[in-house]
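Since the structure comes first, as structure tokens, the remarks are kept for the end.
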Amino acid sequence: QKLQQWERIHGRMLDWVAAQPADARDVGHLAPIYAPGLEVSGELREQILKASNASIRRICVNLDRVADFARVRGLKKVGQKEWGAQSFFTGTAPKGRQDYT
Numbered sequence: 023q024k025l026q027q028w029e030r031i032h033g034r035m036l037d038w039v040a041a042q043p044a045d046a047r048d049v050g051h052l053a054p055i056y057a058p059g060l061e062v063s064g065e066l067r068e069q070i071l072k073a074s075n076a077s078i079r080r081i082c083v084n085l086d087r088v089a090d091f092a093r094v095r096g097l098k099k100v101g102q103k104e105w106g107a108q109s110f111f112t113g114t115a116p117k118g119r120q121d122y123t
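Per the numbering used here, the very first residue in the sequence shown carries number 23; after that it's consecutive.
Now the structure itself:
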């Protein structure tokens, strides 16, 4: 309903269908596209799915982050051990700065 105020956007909507949540198979299909040539472990894929709240867009962003991480370090395989405490993109806005005066 909020999009109706922007006709250029609202007019491009062909059909209003709710997106289905992603599952582990989706992460498996997207991994070779967003992290080509990289082996992403099953447990890291599960972490990505959970951190992404089953959102395809967030899964793609996180797979790209994993690919960049591996590329910088020259890795061909990435699992929880290699990823460590790195954070995933969750879509949550960062907290605002606090002034300490």
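Backbone N, C-alpha and C define an ideal beta-carbon position, used for all residues, glycine too. Every value quoted in this text rests on a predicted model; they were computed, and no experiment measured them.
Query raised in the report: Any idea what DSSP makes of LYS98, helix, strand or coil?
Result: As a position in the sequence shown, residue 98 is number 76, starting the count at 1. Three-state DSSP puts LYS98 in coil, outside helix and strand.
**Report entry** For ALA46 and LEU85, believed in contact at Cβ under 8 Å, the rounded distance
**Finding:** Counted from its first residue, the sequence shown places residue 85 at position 63. Counted from its first residue, the sequence shown places residue 46 at position 24. Actually they are not in contact, since the Cβ atoms of LEU85 and ALA46 sit about 13 Å apart, beyond 8 Å.
Query raised in the report: What is the rounded straight-line gap between the Cα of GLY106 and the Cα of VAL39?
Result: Position 84 of the sequence shown, counted from the first residue, corresponds to residue 106. Position 17 of the sequence shown, counted from the first residue, corresponds to residue 39. Straight-line Cα distance between these residues: approximately 37 Å.
Query - Of the residues GLY118, PHE111, GLY59, the one placed nearest LYS98, counting alpha carbons only - result: Taking the sequence shown and counting its residues from 1, one reaches residue 98 at position 76. Selected option, being the one with the closest Cα: GLY59.
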